[in-house]
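Q:
In my numbering, the protein residues as written are 814 to 904.
1. Bridge partners for residue 856 per DSSP, in chain order?
2. State the start and end residues of the unbroken beta strand (DSSP E) segment that holds residue 886.
3. Going by DSSP, what residue range makes up the beta strand (DSSP E) through residue 870?
4. My output table needs one value for residue 843: the three-state DSSP class, helix, strand or coil.
5. Taking residue 816 and residue 888 to be in contact with their CB atoms under 8 angstroms, please state how far apart those CB atoms are, rounded to whole angstroms.
6. Buried or exposed: where does residue 831 fall if 16 or more other Cβ atoms within 10 Å of its Cβ makes it buried?
7. Going by DSSP, name the residue or residues bridged to residue 827.
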């Protein structure tokens, strides 16, 4: 599925993966391919994209997530934007 993390100031990250875990308002929410359409409020926390050695993590402020037709769009508040945890990667 395609994933985009965006803020009012612009796109923070875009890629493809088989799973996404977001910090929903009432707990973590796992999203897999072919999920039914979804809209959820996000609390500040960590978004995990992919799994195992391919996992990328992003610290986000509050926002919301929209899932439709294997496209996941995570919209975050500009006050904190999303930050890729670069210390996890060599490149």
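Quick reminder that beta carbons are idealized off the backbone N, C-alpha and C, glycines included. The structure displayed is predicted, hence computed values, not measured ones.
A: Per the coordinate set shown:
1. Residue 856 is not bridged to any residue.
2. 884–889
3. 869–873
4. strand
5. Going by Cβ atoms, the distance from residue 816 to residue 888 rounds to 12 angstroms, so no, they are not a contact pair.
6. exposed
7. 817
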